[in-house]
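In the working numbering, the protein residues as written are 1 to 166. Here the structure comes first, spelled out in structure tokens, and everything after it is commentary.
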Amino acid sequence: MTILSLVYIGLGSNLENPITQVRQAISELATLPLSQMHGVSSLYASRPVGPQDQPDFINAVVALKTQLSPLALLDQLQSLEQRHRRQRERHWGPRTLDLDLLLYGQETISHPRLSVPHPHMQARAFVLAPLAELDASLTLHQQPLSHWLGQIPDLGIQRLVEDGPG
């Protein structure tokens, strides 16, 4: 019997038509090997974290069921970022595509290349709002997502009303 892990991936873009970048990445995530799409949040717009001299971000979260190991999935995500010409020029700087492995089943992972749950997600409304849209019953550090959402500024996060990602 094959074991599928339910994972959540955060997407963000603020360069080169961010809505198109995020929509395209969602389509590409649906084709990852040994994986199947389980859910896609709405798109959200938010101000950047860190340097403010950059465009606003478009964000979303997808849920996948996958047989890939955490590091194999990370490799796939980084490869997808590279196909979208991701440049890592400055911390919290603008980017064509940012993919973060937020949750991998119930696992806690501490590896030089990967930390799960994502170490800053409880402080980011642009992650928590779309994540809660997919599964409001999720908990983080034994607290419901609503607890964390009530603790942080929303950074002007706004759910985009549209036809969806595809």
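Every residue gets a Cβ at the ideal spot worked out from N, C-alpha and C, and that includes glycine. As the structure is a computational prediction, the values presented were derived from the model and not from experiment.
Taking a contact to require three or more Cβ pairs closer than 8 Å, the stretch 4–19 and the stretch 97–109 qualify as touching. Between the alpha carbons of Pro-48 and Phe-57 lies a gap of roughly 6 Å. Boundaries of the alpha helix (DSSP H) harbouring Thr-20: 18–29, taken from the DSSP string. DSSP places Val-127 within a helical segment (H, G or I) once states are collapsed to three. Scanning Leu-64, Leu-160, Thr-108 and Gly-156 for the CA closest to the CA of Leu-140 turns up Thr-108. It is roughly 19 Å from the alpha-carbon of Leu-29 to the alpha-carbon of Ile-3. Here the alpha carbon of Gln-76 sits roughly 31 Å from the alpha carbon of Gly-156. Asp-53 sits in coil when the DSSP states are folded into three classes, being neither helix nor strand.
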